[in-house]
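Novice: Numbering (full-length UniProt numbering), first residue to last: 1 to 381.
Glycine is no exception: its CB is placed at the ideal position from the N, C-alpha and C atoms.
Questions regarding the structure given below will be posed in turn.
What follows is the structure, given as structure tokens:
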């Protein structure tokens, strides 16, 4: 598709931008690249407050979009078509608000919205798949058939990375281990394992908001989960977990110790019988027509930052093997490295926006001027 000056959208002449907004961060970069140019925390400071988007707020407001544009793009926004990912439950008003923002405020030459599950499937070389996305605020299972997300069959639960971080906070509190934000430590002494930390606190500047301090503390719990958490291949059993090598972790205040069975017990919440990923996959598949189920069970695609937790994919595959209909062949796949799993939707958008046959799909600014917001339902169902 050509713009007013005859240049192709998404081609080499003009770099199409791909935005993947999430609860935890906004991924943004140029189409045709392998990974996003920036991964920006989805926290916006507004005066003395911070705002973290709710799960339903997958489409970012102007502040988040502007932050992504300014941190990554140094040329005028009217030079760059913009492809945005969206969740299957994004509301029509939110979609229309985003289109209005892009066309009327940023003067984008072209715009497009694609379901994130569809793009995650594309990133894994699939046009038909049952996409399990384990993210920060939730885990979802969305059937995709021939490049279209089945919205009515999509299911989700509030169990995600944020829930895991909250569980870690509770666990450490029960173990009487204090978590301090790293910015508050001036210095610390070298101590023996499990010895009480000896540290000096910084004198912090006045005006640090409570919300910012809580946000930074949450990042410490996320780091703990990233370094320590591991998922058992089967339901948690302390004796079996104790046979696995322990993992050492040092806290910002200097306290350090080995973690063994605790790191497996911590993650059991992710596979809770009625909220975990295996249950969601079964529920989503059951909501589809019987004719579509064999193809979906044969192409379960896992993605999202939480799906990179050691043991997550193996546990999902084992639990699904015990639940899948015996008449269907089960195949569970995921990108081989954590970066590709986490950025699956963005990578799919990068691929899609660079395909020649896709260029006629863009909603141009001229089409938007003539047809208004109704163009979204027509071209981005």
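Quick test of the definition: if touching needs 3 or more C-beta pairs under 8 Å, does the stretch 300-320 touch the stretch 252-259?
Specialist: Contact between the stretch 300-320 and the stretch 252-259 is absent, because fewer than three Cβ pairs lie under 8 Å.
Novice: Nearest by alpha-carbon distance to residue 289: which of 202, 150 and 122 is it?
Specialist: For the residues 202, 150 and 122, the minimum Cα distance to residue 289 belongs to 150.
Novice: Take residue 166 as the anchor and find which of 294, 92, 229 and 354 has the nearest alpha-carbon.
Specialist: Closest by alpha carbon: 229.
Novice: Looking at the structure shown, is residue 164 part of a helix, part of a strand, or coil, going by DSSP?
Specialist: Reduced to three states, the DSSP call for residue 164 is helix.
Novice: If you draw a straight line from the alpha carbon of residue 248 to that of residue 217, how long is it in whole angstroms?
Specialist: Approximately 20 Å, taken between the alpha carbons.
Novice: Give the DSSP-derived three-state secondary structure of residue 255 in the structure shown.
Specialist: Residue state, collapsed to three classes: coil.
Novice: Can you give the Cα-Cα distance for residue 352 and residue 358, rounded to whole angstroms?
Specialist: Going from the Cα of residue 352 to the Cα of residue 358 covers about 7 Å.
Novice: Check whether the Cβ atoms of residue 269 and residue 164 sit closer than 8 Å, and answer yes or no.
Specialist: Yes.
Novice: Once DSSP output is grouped into helix, strand and coil, what is the label at residue 33?
Specialist: Note: residue 33 maps to coil in three-state DSSP.
Novice: Using the DSSP secondary-structure output, state which residues sit across from residue 249 in a beta bridge.
Specialist: Note: residue 249 sits in a beta bridge opposite 257.
Novice: By Cβ distance below 7 Å, which residues in the same chain neighbour residue 261 in space, the five residues on each side in sequence not counted?
Specialist: Hits under 7 Å: 238, 241 and 242.
Novice: Could you give the distance in angstroms between the alpha-carbon of residue 122 and the alpha-carbon of residue 105?
Specialist: Going by the C-alpha atoms only, they are around 31 Å apart.
Novice: With a threshold of 8 Å, are at least 3 pairs of Cβ atoms found where one atom belongs to the stretch 302-318 and the other to the stretch 331-343?
Specialist: These segments touch.
Novice: For the stretch 358-367 against the stretch 106-115, do three or more pairs of beta-carbon atoms, one drawn from each stretch, fall closer than 8 Å, so that the two count as touching?
Specialist: Yes: the two stretches touch, three or more of their Cβ pairs being nearer than 8 Å.
Novice: The alpha helix (DSSP H) spanning residue 281 covers which residue range?
Specialist: Looking at the DSSP string, the run of the alpha helix (DSSP H) that includes residue 281 is 277-286.
Novice: On the DSSP letters alone, give me the boundaries of the beta strand (DSSP E) that residue 227 sits inside.
Specialist: Taken as a continuous stretch (DSSP letters only), residue 227 belongs to no beta strand (DSSP E), being part of the alpha helix (DSSP H) at 210-228.
Novice: Mapping DSSP to helix, strand and coil, what is residue 156?
Specialist: Strand.
Novice: Here's a check: name, in chain order, each residue in its chain whose Cβ is nearer than 6 Å to the Cβ of residue 84, leaving out the five neighbours to either side.
Specialist: Within the same chain, residue 84 has close Cβ partners 19 and 113.
Novice: Work out the CA separation of residue 233 and residue 32 for me, nearest whole Å.
Specialist: If I take the Cα positions, the gap works out to 36 Å.
Novice: Would a check of beta-carbon distances place residue 189 closer than 8 Å to chain C?
Specialist: The structure shown contains no chain C; it holds only a single protein chain.
Novice: Using the Cβ count rule (16 or more neighbours within 10 Å means buried), how would you classify residue 6?
Specialist: Low local confidence applies: a pLDDT of 42 at residue 6 is under 50, so the model's placement there is unreliable, with the coordinate-based value given in what follows. Classification of residue 6: exposed, given that the 10 Å Cβ count is below 16.
Novice: Straight-line CA distance for residue 39 to residue 211?
Specialist: Roughly 21 Å separates the two Cα atoms.
Novice: Would you check if the stretch 122-140 and the stretch 152-160 touch, i.e. whether three or more CB-CB distances between them fall below 8 Å?
Specialist: Judged by Cβ distances under 8 Å, the stretch 152-160 makes contact with the stretch 122-140, as three or more pairs qualify.
Novice: Identify which residue in 153, 224 and 220 has its Cα closest to the Cα of residue 129.
Specialist: The residue with the shortest Cα to Cα distance from residue 129 is 153.
Novice: Could you compute how far the alpha carbon of residue 188 sits from the alpha carbon of residue 380?
Specialist: Whole-angstrom Cα-Cα distance: 55 Å.
Novice: Does the structure place the stretch 312-327 close enough to the stretch 169-186 that three or more beta carbon pairs sit under 8 Å?
Specialist: Cβ pair count under 8 Å is below three, so no.
Novice: By a C-beta neighbour count over all protein chains shown, 10 Å radius and 16 as the cutoff for buried, is residue 279 buried or exposed?
Specialist: Buried, by the Cβ-count rule.
Novice: If I'm right that residue 168 touches residue 221 with Cβ under 8 Å, what's the distance once you round it to whole angstroms?
Specialist: Yes, they are in contact, since the Cβ atoms of residue 168 and residue 221 sit about 5 Å apart, within 8 Å.
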